[in-house]
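Colleague: These protein sequences, in sequence, are chains V and D.
Each residue of the first sequence is one higher than the last, beginning at 0 in numbering that gives the first Met the number 0.
Each residue of the second sequence is one higher than the last, beginning at 0 in numbering that gives the first Met the number 0.
What follows is a structure written as structure tokens; I'll ask about it next.
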Amino acid sequence: MPDDEPAGADADAGVEEGNTDGADRGTAAEGLDDVDPDQLRPVIASGELEDGDRVIAEIDGREIAVFRVNGELYALLNYCTHQGGPVCEGLLSGTLGMDEDGTFTWDREGKVIACPWHGWEFDITDGYHLASERYRIPTYPVTERDGQIYVVL
Amino acid sequence: MSSSGSKTQQIRSLSDLEVVVDTDFHLTERQEDFLPYLDDPFDSLLNRETGGDDYGFLSSLFPSHGMLGPVTIGKVDNPPVRTKRQVLDGKELIEWDRAIVTPTLNLYLGGVHHHELAAALASAYNEWILDEILDPDEGIYGAAVVAPQRPAEMAEEIDDRADEEGIVAIMLPSSICNPIFGDDKYHPIYRAAEDARLPIMMHNAAGATMIRFPSQWQAMKRQLPIHVTAHPMMHMVNIADMLTQGIPERFPDLEFVIQESGLGWYPYFMRRMDHDYRAAKYDAPLLEKMPSEYLADQFYLTSQPVEGDDDPAYLQSVIEAFDGQNNLMFSSDYPHFDFDMSEEILKTIRGNFEVDEVKNIYGETAEDLFAF
Ligand code: FES
Chain V
0 MPDDEPAGAD ADAGVEEGNT DGADRGTAAE GLDDVDPDQL RPVIASGELE
50 DGDRVIAEID GREIAVFRVN GELYALLNYC THQGGPVCEG LLSGTLGMDE
100 DGTFTWDREG KVIACPWHGW EFDITDGYHL ASERYRIPTY PVTERDGQIY
150 VVL
Chain D
0 MSSSGSKTQQ IRSLSDLEVV VDTDFHLTER QEDFLPYLDD PFDSLLNRET
50 GGDDYGFLSS LFPSHGMLGP VTIGKVDNPP VRTKRQVLDG KELIEWDRAI
100 VTPTLNLYLG GVHHHELAAA LASAYNEWIL DEILDPDEGI YGAAVVAPQR
150 PAEMAEEIDD RADEEGIVAI MLPSSICNPI FGDDKYHPIY RAAEDARLPI
200 MMHNAAGATM IRFPSQWQAM KRQLPIHVTA HPMMHMVNIA DMLTQGIPER
250 FPDLEFVIQE SGLGWYPYFM RRMDHDYRAA KYDAPLLEKM PSEYLADQFY
300 LTSQPVEGDD DPAYLQSVIE AFDGQNNLMF SSDYPHFDFD MSEEILKTIR
350 GNFEVDEVKN IYGETAEDLF AF
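Quick look at the structure:
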């Protein structure tokens, strides 16, 4: 475990990872075992965040939301890239899609957050706006250990 | 005259402004807020504890579009603005010093079928805002609503409300009206507002605007308003629907040429489509790109009738705003009455575009598209 690495460098790496590759972006504890403990910010006790719930915490001056969906944890900044609305306080649901026959489908249930101000939809697993990669909510690695949920800053 | 540089330095944030006036700050009134303010006979008719089964119809006296909007499906969480306290909450967020509160439900007032009731509802709404909402000491001003169905009565309503503290405008709900607002029928409203020195605010209700299009078209008694509006409006209606239904996605090799509508509406429409789509991706699930990108890739515009041909700065900015250097094609429309001579654009734009760009507009883009 590279505990001797400077915390700043590791923190940058963690955020960088989150911003470039949603699949590896600390959706669960895996891959975060080697995080410097100094980077861990406690958010809530594991038992207090049930599946389907979210918590919004003030961490180092930032409002960060942690969601637990289908057993996975996701952390996003509670600040909408559109006009600064409290995006993570909106409706967490799915969205309409369409299959090849032109029939409406209900997709991504539990993974789509709609900003309560103007309704922009973002995928909480990678922070991207559903309509355009030009817009993205910052995401953070998140991990759960010893009965506690942490985001990595 | 100060330069634009010093202008921006003087005003860096809202706090550098002496006053901020919000000229369209909506209440989200419900029927139940202002129905108690109805006068008789409608008070006795509708505000009863018992009697009658309304089959659900009277729960909305206003026409309902029944569309799935971001608010109705919960994707947008609009805070209610039905009390003075809630107006003040909004004041804090938007940071105005003064606002003119405008209605939401009553924007649909023109669609209320019972005309006498429509007039009574306007009056009840006005009574409600005067009683419960307006407060000039807090900067809360209002527009008195009038029902377009009953102009003579509404002229009296304007006379009655004009001197009330806090009323600074008249709200004429502008969709669903029939006939349209050039008709003599509306003169009493205009005269009363003019006499009272109150500006008339016009605000459509998106969900009901189209209800009366055919009859509104019939109500246009001259060619000028038809010709000015018909071409760009019809294109907007069709293209907005084509994009929403994913036509360019289903037919990715198909190209469209939009004709005879002038230029300025097109860059506006591109941006307005993108603006709304970003909040309603779910409504157009087939799209993989922003609407403006489909327009840039698969749509072309022909030039006639070029508006603003005496204003080179305008034409240059409009053409650049939709990449007309690559999407605009010269057209004359000869021999129709509003045809353009070949030099019409050239003489205005030649100093502002590269040689290649002018060549594109006059023929190269068409050479490619039509594969002669
Ligand atoms: S601020 Fe979030 S959608 Fe506009």
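Glycine included, C-beta positions come from ideal geometry on N, C-alpha and C.
Check for me: the beta strand (DSSP E) holding Y313(D) runs from which residue to which?
Modeller: Walking along the second sequence from the start, residue 313(D) turns up at place 314. Y313(D) -> not in any beta strand (DSSP E); alpha helix (DSSP H) instead, spanning 311-320.
Colleague: Please list the segments of the beta strand (DSSP E) lying wholly inside the segment 46-74 of chain V, counting only runs of 3 or more residues, in order along the chain.
Modeller: List check, beta strand (DSSP E) in window: 53-58, 61-68.
Colleague: Quick one: Cα of A195(D) to Cα of L129(D), how far?
Modeller: Counting from 1 along the second sequence, the entry for residue 195(D) is found at position 196. Counting from 1 along the second sequence, the entry for residue 129(D) is found at position 130. Near 17 Å, if we compare the C-alpha coordinates of L129(D) and A195(D).
Colleague: Need the endpoints of the beta strand (DSSP E) that Y181(V) sits in, please.
Modeller: Past the edges of chain V, shown from 0 to 152, lies residue 181(V), and the structure says nothing about it.
Colleague: If you follow the beta strand (DSSP E) that T364(D) is part of, which residue opens it and which one closes it?
Modeller: Translated into the one-based positions of the second sequence, residue 364(D) becomes position 365. Not the beta strand (DSSP E): T364(D) falls in the alpha helix (DSSP H), residues 364-369.
Colleague: Could you compute how far the alpha carbon of F369(D) sits from the alpha carbon of G307(D)?
Modeller: Within the second sequence, residue 369(D) is the residue found at index 370, counting from 1. Within the second sequence, residue 307(D) is the residue found at index 308, counting from 1. Taking the straight line from one Cα to the other gives about 28 Å.
Colleague: Using a Cβ-Cβ distance cut-off of 9 Å, determine whether V256(D) contacts chain V.
Modeller: In the second sequence, the residue the question calls residue 256(D) occupies position 257. Answer no: the Cβ-Cβ gap between V256(D) and chain V never drops below 9 Å.
Colleague: Under 7 Å between beta-carbons, which chain D residues line up against P115(V)? List them in chain order, please.
Modeller: Numbered from 1 along the first sequence, position 116 holds the residue referred to as residue 115(V). Neighbours of P115(V) on chain D, chain order: V75, D76.
Colleague: Under 8 Å: does the beta carbon of A278(D) sit that close to some heavy atom of the ligand FES?
Modeller: Position 279 of the second sequence, counted from the first residue, corresponds to residue 278(D). Yes - the ligand FES has a heavy atom lying nearer than 8 Å to the Cβ of A278(D).
Colleague: Quick one: Cα of P41(V) to Cα of V141(V), how far?
Modeller: For the purposes of this step, residue 41(V) is identified with residue 42 of the first sequence, where counting begins at 1. For the purposes of this step, residue 141(V) is identified with residue 142 of the first sequence, where counting begins at 1. Looking at the two C-alpha atoms, the distance is approximately 10 Å.
Colleague: In chain V, what lies closer than 8 Å to L285(D) by C-beta?
Modeller: The residue you call residue 285(D) lines up with position 286 of the second sequence. Correct list: M97.
Colleague: Under the three-state reduction of DSSP, which class applies to L37(D): helix, strand or coil?
Modeller: Working through the second sequence from its first residue, we reach residue 37(D) at position 38. Coil, per DSSP.
Colleague: To the nearest angstrom, report how far apart V393(D) and L34(D) are at their CA atoms.
Modeller: This structure gives no information on residue 393(D), because the portion of chain D shown stretches from 0 to 371.
Colleague: Tell me which residues of the segment 326-355 of chain D have at least one Cβ-Cβ distance to chain V shorter than 7 Å, keeping chain order.
Modeller: From the segment 326-355 of chain D, no residue has a Cβ closer than 7 Å to chain V.
Colleague: What does a CB cutoff of less than 6 Å around P198(D) pick up in its chain, not counting 5 residues either side in sequence?
Modeller: Looking up residue 198(D) in the second sequence gives position 199. Once the five neighbours on either side are set aside, the close Cβ partners of P198(D) are A168.
Colleague: Return yes when at least one heavy atom of the ligand FES lies under 8 Å from the C-beta of H226(D), else no.
Modeller: Counting from 1 along the second sequence, the entry for residue 226(D) is found at position 227. False, no ligand heavy atom lies under 8 Å from that Cβ.
Colleague: Mind the definition here: the segment 248-263 of chain D touches the segment 291-306 of chain D only if three or more C-beta pairs lie below 8 Å; say whether that holds.
Modeller: Yes, the segment 248-263 of chain D is in contact with the segment 291-306 of chain D.
Colleague: Mark R149(D) as exposed unless 16 or more other C-beta atoms lie within 10 angstroms of its C-beta, in which case mark it buried.
Modeller: The residue given as residue 149(D) occupies position 150 in the second sequence. It counts as buried.
Colleague: Is the CB-CB distance between V164(V) and Y78(V) below 9 Å?
Modeller: As shown, chain V starts at 0 and ends at 152. That puts residue 164(V) outside it, with no answer to give.
Colleague: For E132(V), which residues in chain D fall below 7 Å Cβ to Cβ?
Modeller: Within the first sequence, numbered from 1, the residue matching residue 132(V) stands at position 133. Neighbours of E132(V) on chain D: none; closest Cβ ~10 Å, over 7 Å.
Colleague: Is the beta carbon of C79(V) within less than 8 Å of some heavy atom of the ligand FES?
Modeller: As a working mapping, residue 79(V) is identified with position 80 in the first sequence. Flag set: Cβ of C79(V) near the ligand FES.
Colleague: Contact criterion: CB-CB distance below 9 Å. Does F66(V) meet it with respect to chain D?
Modeller: Locating residue 66(V) in the first sequence gives position 67, where the first residue counts as 1. Closer than 9 Å: no.
Colleague: If I follow the unbroken alpha helix (DSSP H) through R144(V), where does it start and stop?
Modeller: Your numbering for residue 144(V) matches position 145 in the first sequence. Element bounds for R144(V): not the alpha helix (DSSP H) but the beta strand (DSSP E), 141-144.
Colleague: Would a C-beta distance cut-off of 9 Å place P187(D) and L106(D) closer than the cut-off?
Modeller: Taking the second sequence and counting its residues from 1, one reaches residue 187(D) at position 188. Taking the second sequence and counting its residues from 1, one reaches residue 106(D) at position 107. No. Outside cutoff.
Colleague: Could you give the distance in angstroms between the alpha-carbon of R133(V) and the alpha-carbon of D145(V)?
Modeller: As a working note, residue 133(V) is residue 134 in the first sequence. As a working note, residue 145(V) is residue 146 in the first sequence. Using only the alpha carbons, I get a separation of about 37 Å.
Colleague: Would the C-beta of H202(D) count as close to the ligand FES, meaning under 8 Å from any of its heavy atoms?
Modeller: Here residue 202(D) corresponds to residue number 203 of the second sequence, with the count starting at 1. The answer is no for H202(D).
Colleague: Rounded to a whole number of angstroms, what is the C-alpha to C-alpha distance between E353(D) and F329(D)?
Modeller: As a working mapping, residue 353(D) is identified with position 354 in the second sequence. As a working mapping, residue 329(D) is identified with position 330 in the second sequence. Cα to Cα, E353(D) sits roughly 16 Å from F329(D).
Colleague: With distance defined between alpha-carbon atoms, name the residue in A44(V), A74(V), E108(V), P36(V) nearest to G126(V).
Modeller: For the purposes of this step, residue 126(V) is identified with residue 127 of the first sequence, where counting begins at 1. Closest by alpha carbon: A74(V).
Colleague: Beta carbons nearer than 9 Å to chain D: which residues of the segment 124-151 of chain V have them?
Modeller: Taking 9 Å as the Cβ-Cβ cut-off against chain D, the residues of the segment 124-151 of chain V that qualify are H128, L129, A130, S131, R133, Y134.
Colleague: With the cut-off set at 9 Å, would you say S331(D) and S316(D) are in Cβ contact?
Modeller: Taking the first residue of the second sequence as 1, we reach residue 331(D) at position 332. Taking the first residue of the second sequence as 1, we reach residue 316(D) at position 317. Going by C-beta atoms, S331(D) is not nearer than 9 Å to S316(D).
Colleague: Strictly below 7 Å CB to CB, what residues from chain V border A278(D)?
Modeller: Position 279 of the second sequence, counting from 1, holds the residue named residue 278(D). By Cβ distance, chain V contributes H117, G118, W119.
Colleague: Here's the rule: buried if 16 or more other CB atoms are within 10 angstroms of the residue's CB, otherwise exposed. What is L26(D)?
Modeller: To locate residue 26(D), count along the second sequence from 1; it is residue 27. The residue in question, L26(D), is buried, as its Cβ has 16 or more Cβ neighbours within 10 Å.
Colleague: Do you know offhand how far R29(D)'s Cα is from L116(D)'s?
Modeller: Residue mapping note: residue 29(D) aligns to position 30 of the second sequence, counting from 1. Residue mapping note: residue 116(D) aligns to position 117 of the second sequence, counting from 1. Each residue's alpha carbon lies about 16 Å from the other.
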